[in-house]
Structure formats: structure tokens, C-alpha cells
Amino acid sequence: MPEQALIQDLQAHLGQEVQLRGWLYGRRSGGKIAFLLVRDGTGLCQCVVETAQADLFAVASGLGQESSLVLTGTARPDGRAPGGVELAVTGLRVLQPAADYPISRKAHGTDFLMEHRHLWLRSPRQAAILRVRHTLIRAARAYFDSNGFTLIDTPILSPGAAEGAGTLFPVDYFGDTVFLAQTGQLYLEAAAMALGRVYCFGPTFRAEKSKTRRHLAEFWMIEPEIAFAELPELMTWAEGLVCAMIQAALAERRDELALLGRDIAALEKIAPPFPRLTYSQAVDLLRDPELHRKLEQELEADRARLHASIAELAALEEQGARARQGWQQDKLVQQAADLRERIHDLEAQVAQRPVHIEHARNFAWGGDFGGDEETILSRQFDRPVLISEYPRRIKAFYMKPSPVNPEVVLNLDMLAPEGYGEIIGGSQREDDLSALQKRMADEGMNPAPYEWYLDLRRYGSVPHGGFGLGLERTVAWICGLKHIRETIPFPRLMGRIYP
Ligand code: 4AD
Ligand code: MG
């Protein structure tokens with residue numbers, strides 16, 4: 437029996453006979469040879485079947501994409517094969533022949549792909565994103581585990597709101613209405629008073645009626661909560677967490693990031709300290725005529741790029757009409773599809789930028805930053821930026837007002853660079869019983885479901901705080917994705933719950 441091998445380990449089996457188990461990703465014939473491109477979840481391997489092996493060749497030549505296979509053969513070096521190794525096939529068993537696999541290797545529309553998400557996951561791009569996600573989760577946990585934090589699993593069914601009543605998902609709980617958790621924070625505060633440094637990592641839910649590239653209805657959040665920590669310390673933890681996650685992605689997932697076309701140099705620049713601004717400074721920046729001039733220049737550059745891309749596409753189409761050979765055609769079709777996508781993006785940017793500039797110019801102190809403002813602000817820095825001290829009125833009831841200006845709170849938001857927007861939100865918490873009770877009354881909140889939370893301010897209250905990092909937004913940034921929907925295996929979006 438030949439030894440079982442994974443494609444990622446084939447280099448260690450050169451010259452040996454091995455068995456591979458996987459799925460057919462692609463197939464092509466070159467005269468007297470059939471090439472089967474096989475994937476096994478760890479990589480892609482070119483498997484070669486020669487006509488001389490008449491039975492094998494007949495089976496191999498009829499296989500449809502995604503047929504499940506067990507192959508035996510000899511691993512041998514080949515510079516042109518993916519991974520530098522190919523398999524000279526000596527045996528082939530078909531576990532299940534597949535026909536008419538719906539996702540071909542050509543371009544498909546997003547709706548179609550989302551409808552087939554259960555199959556789309558098999559594409560190398562999607563698999564690469566899921567591996568980066570896995571590495572980021574592990575790095576975040578390792579960061580907290582190695583800094584004396586205890587993992588606390590907070591409940592998913594909760595009796596009240598924590599992040600505003602407008603985004604609650606109600607659930608029938610034995611006849612009562614309860615809600616899916618928007619955050620683990622309030623429970624984590626109780627645990628921090630017991631254990632000092634704690635964190636939770638779990639799914640959170642927001643019934644946000646917005647269809648943006650940054651919003652999911654169900655997303656995963658990593659939240660630390662730290663007894664005795666005040667705002668500057670919280671910023672240092674947030675910075676440390678993000679750097680640890682980036683370092684892990686760079687150390688373990690370079691191949692995946694390259695496959696995704698990520699600008700890796702931009703990630704390598706991320707190092708502490710991150711720039712820090714107050715909300716008021718950020719508002720001044722948005723209203724600065726210097727910034728508007730810079731944005732106008734970027735708009736001009738986008739227009740020029742758009743025209744160049746349109747000309748390039750026309751040239752490619754002409755070349756495509758003249759191309760004879762099939763493979764050359766395929767390559768041109770792919771290039772043209774990429775260019776069309778770029779043109780589409782540039783057109784959208786050219787249309788939106790004037791609106792963004794107007795928003796920035798007219799931004800008034802007191803308003804919350806929307807996606808446009810976040811995009812502009814985060815584009816001004818080559819590393820994440822920490823923005824603190826937002827107006828109290830636009831932030832959650834539990835945030836502690838600043839002792840120097842009670843109109844703002846001791847909060848922190850972290851915006852990722854390259855226009856990715858908010859990846860972290862957090863704050864120092866109100867630790868004074870009467871101040872918290874007053875704020876809850878001002879907000880019209882019924883204190884009954886929060887009596888336990890108020891107890892934390894009755895028995896040994898201390899300064900404390902924490903933050904939440906949105907995993908999917910972080911994955912989108914680190915992978916360089918345009919939309920959050922590809923960052924989670926099965927996205928839950930407004931208007932999508934299948935599959
Ligand atoms: O800023 P948020 O709402 O903060 C909290 O929930 C705090 N209770 C966290 C804490 O202090 N322990 O959410 C935190 C982060 C955001 O910065 C964003 O990255 C992500 O969660 N997030 C979302 N991600 C995807 N889709 C949504 N609808 C999101 N809403 C928030
Ligand atoms: Mg927030």
C-alpha cells in the first residue's frame with residue numbers, strides 16, 4: 437500500500453509512490469497525456485496520465501470537475517507544476533463521478549456565487565481567505581492567552597440591549613421576548629471583576645438595515661475587558677492585538693495573501709505606535725481645505741486611470757478577436773474580465789468621490805462618522821488610526837465621560853488603513869453607580885434587566901474598560917477584499933440567509 441500523502445507535503449515524497457485523495461479541479465489533454473489538476477484542501481497537484489495506460493486514460497479523460505478521486509502514483513519534480521511537484525499516475529479510483537459542476541473556472545456574478553456559497557468555498561481564493569481567517573483567530577487568542585487573560589464564554593441569549601435597541605434580533609424565550617447578543621461586553625465586565633483580565637470570542641448579531649460592504653447581520657467579535665485599565669492602556673492593548681494578528685498572517689499565510697493579490701508591503705508597514713487623534717481633531721481634518729484639494733487630485737487621478745483602463749480593454753478585445761489558440765483565448769478572456777471589474781470599480785469611485793468630498797467639507801461636530809468619513813480618514817494614514825473622545829450623545833450608555841469635557845466619552849475606535857473603516861470599538865466604562873443610573877434614565881432605559889450590571893458598581897467598583905474587534909472587517913482588510921461577504925463561511929446579510 438503506498439503511503440497516504442497531502443499535496444502540501446509532496447516535496448518530502450519525491451521519488452516515492454504515494455496515494456492522494458481529493459477532487460478534480462481541472463483537466464486538460466495534451467496529445468498523449470491527460471493532466472488532472474487535483475485539489476485536496478491543502479493544495480493543487482498536477483497528476484499526469486499517459487495514453488499508454490489505456491484504461492486509466494479512458495477514465496481520466498471522461499472525468500467532470502469536482503469528481504472525487506483516490507490516485508496513486510510517483511511524486512516527481514516538475515518546475516512548471518503548481519508546488520513544483522507532479523504525480524505520475526499509476527492508479528485511479530473514482531469515488532463519485534461528478535457532472536455539470538455549476539461553478540466553472542470562468543468568471544461568475546456575485547449573486548450566483550453567493551447562491552452557491554456551499555460550493556464556492558472550494559475555489560482556491562475562498563479557501564485562502566478561510567485559512568487567513570483561521571490564522572487571525574489563532575493569533576488573537578494566543579495574544580490574550582499569553583498575556584494573562586482568561587477566556588470567558590458569554591451568553592448569546594440576553595434580556596436587554598447593549599448597543600442600542602435599533603439593531604436587536606428578538607427571540608421567543610418560553611413566551612418572553614429576549615434578544616440575540618450584540619456584544620459579550622456587559623457580562624465580560626462582571627467576569628473582569630472576578631478574574632482581572634478576560635476576553636470572549638463569539639458570534640454577535642445586529643439587525644442593521646444596511647446593505648454595505650462592511651455590515652453583516654451575524655459576525656464574530658473578539659472582546660477583551662480589563663480591570664483597572666484606563667483609556668491609554670486600552671489603546672496599547674488594541675494596538676498590540678492588531679500587530680500580533682498582522683504578524684501571524686505575514687508569518688504563516690504569505691502564499692494565501694499572494695494568491696489573493698494582497699499588497700503585502702502595505703501590511704509589513706504596520707507597526708506601533710499607531711497615530712492617535714481625538715474626534716475633534718478628526719473633524720478638523722475632515723473640514724481642512726488642504727484635505728479637499730488632495731481628494732480632488734485623487735479624483736483626477738482616478739479619472740485618468742479609468743480612461744486608460746477603457747483603452748486597454750478595447751485593445752485586449754481586438755487582440756481576443758484575432759487570437760487563434762484556445763489557451764491564449766482563455767487568458768485574454770480572464771484579463772478582459774479583470775479589466776472590466778477594474779473599470780466598474782473606478783467608475784463607482786469617480787461617481788462617489790465628489791459626494792464624499794462634499795460630506796467631508798460640510799461635516800459638523802457632533803455627528804457620527806459614516807462609511808464615507810471613515811473611508812476618507814483611514815486613507816490618510818498608512819497604519820491603523822485610533823480615534824478617541826467622541827460626543828457622548830452618539831455613543832453607548834456605558835461609556836465614561838471625560839473628566840475634562842463631559843460632552844465627550846473616553847472611547848476608542850480604530851480605523852484600518854486603505855479605506856477599510858472601523859475594525860475596533862471600545863471604551864473605558866462608567867464605573868460610578870449614580871452617574872450610570874442617571875445616564876440610563878436620560879436614555880429612557882428600564883433599569884430592571886440591568887440591576888446585576890449596576891451591582892458591579894455597588895461592590896468594589898474600579899476603573900475598567902475594553903473593546904471589540906470585528907473579525908470579519910479585520911479579515912477583509914488583511915486579505916484586501918472589497919466586500920465583507922467573503923470573509924465568513926456562510927454570510928448572514930440583510931436579504932440573504934441561504935445557504
Ligand atoms: O463598535 P461596536 O458596536 O462595539 C461593541 O459592541 C462594544 N460592546 C465592544 C466592547 O467594547 N467590548 O462593535 C465592535 C466592532 C466594530 O468596530 C466592528 O469592527 C464590528 O465590531 N462590527 C461589525 N462587523 C460586521 N458587521 C456589523 N454589522 C458590525 N457591527 C460592528
Ligand atoms: Mg463602533
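When the letters of the sequence shown are read in order and numbered with the numbering used here, they come out as residues 437 to 935.
C-beta: ideal position from N, C-alpha, C; glycine also.
Do you know offhand how far residue i's Cα is from residue j's?
i    : j    : result
R797 : Y856 : 21 Å
P513 : M629 : 59 Å
D581 : P935 : 34 Å
I746 : A787 : 16 Å
A674 : T910 : 13 Å
D608 : F615 : 8 Å
P725 : I706 : 28 Å
Y537 : A912 : 28 Å
F655 : A757 : 46 Å
K588 : L631 : For the sequence presented, residue 588 should be read as Ile rather than Lys. So the two alpha carbons sit approximately 10 Å from each other.
I860 : D808 : 17 Å
W459 : L531 : 10 Å
N823 : R558 : A small fix is needed here, since residue 823 is Ile in this sequence, not Asn. Each residue's alpha carbon lies about 39 Å from the other.
G906 : I830 : 19 Å
G931 : T590 : 28 Å
P709 : C679 : 10 Å
I920 : L593 : 25 Å
A687 : V568 : 11 Å
L735 : I779 : 14 Å
L528 : G520 : 21 Å
A534 : S503 : 4 Å
A653 : E754 : 44 Å
A576 : T672 : 15 Å
A718 : S465 : 59 Å
A490 : L472 : 15 Å
G451 : A701 : 37 Å
P711 : M437 : 60 Å
Q864 : S870 : 17 Å
Following the continuous beta strand (DSSP E) through residue i, name the residue where it begins and the one where it ends.
i    : result
Q482 : L480 to E486
G458 : E453 to G466
A852 : N847 to A852
D612 : D612 to L616
L905 : H900 to G906
L472 : I469 to R475
D536 : Per DSSP, D536 belongs to no beta strand (DSSP E) and is neither H nor E.
R894 : Per DSSP, R894 belongs to no beta strand (DSSP E) and is neither H nor E.
A517 : Element bounds for A517: n/a, residue is neither H nor E.
P606 : P606 to Y609
T714 : R712 to T714
S863 : G857 to Q864
Compare the beta carbon distance of residue i and residue j with 8 Å and say whether it is the shorter of the two.
i    : j    : result
T510 : T526 : yes
F664 : V506 : no
A496 : A470 : yes
G467 : Q501 : no
L848 : E810 : no
T714 : E866 : no
L670 : G902 : yes
I933 : L572 : no
L722 : I812 : yes
E748 : L768 : no
E455 : T508 : Per the sequence shown, residue 455 should be read as Gln rather than Glu. It is a contact, given that the beta carbons lie within the stated cut-off.
T405 : A643 : Only positions 437 to 935 of the chain appear in the structure, and residue 405 is not among them; the question remains open.
L742 : A772 : no
T586 : G904 : no
E783 : R815 : no
Q562 : E908 : no
Could you check where the alpha helix (DSSP H) with residue i kicks off and where it finishes?
i    : result
F493 : A490 to S497
E754 : P725 to R758
F580 : P560 to D581
L929 : First-last for L929: undefined, no H or E at that position.
D808 : G807 to R815
D878 : L869 to D878
F548 : T546 to E551
Y889 : E887 to D891
Tell me whether residue i, by its Cβ, gets closer than 7 Å to a heavy atom of the ligand PLP.
i    : result
D804 : In terms of ligand content, the structure shown lacks the ligand PLP and carries the ligand 4AD and the ligand MG instead.
The region 594-603 / the region 826-841 touching (three or more Cβ pairs under 8 Å): yes
Quick check for students: name the residue ranges of the beta strand (DSSP E) that lie wholly in the region 618-705, counting only runs of 3 or more. 633-641 and 654-663
Validate contact between the region 649-665 and the region 875-885 using beta carbons, cut 8 Å, 3 pairs: no
Decide if the region 889-898 is in contact with the region 638-654; the criterion is three or more beta carbon pairs, one per stretch, under 8 Å apart. no
For the pair the region 442-452 and the region 472-484, tell me if three or more CB-CB distances fall below 8 Å. yes
Does the region 726-734 come within contact of the region 842-860, defined as at least 3 CB pairs closer than 8 Å? no
Check whether the region 793-807 and the region 683-702 are in contact - that is, three or more C-beta pairs closer than 8 Å. no
Suppose only complete runs of 4+ residues qualify. What are the alpha helix (DSSP H) ranges in the region 765-842, listed by chain order? 807-815
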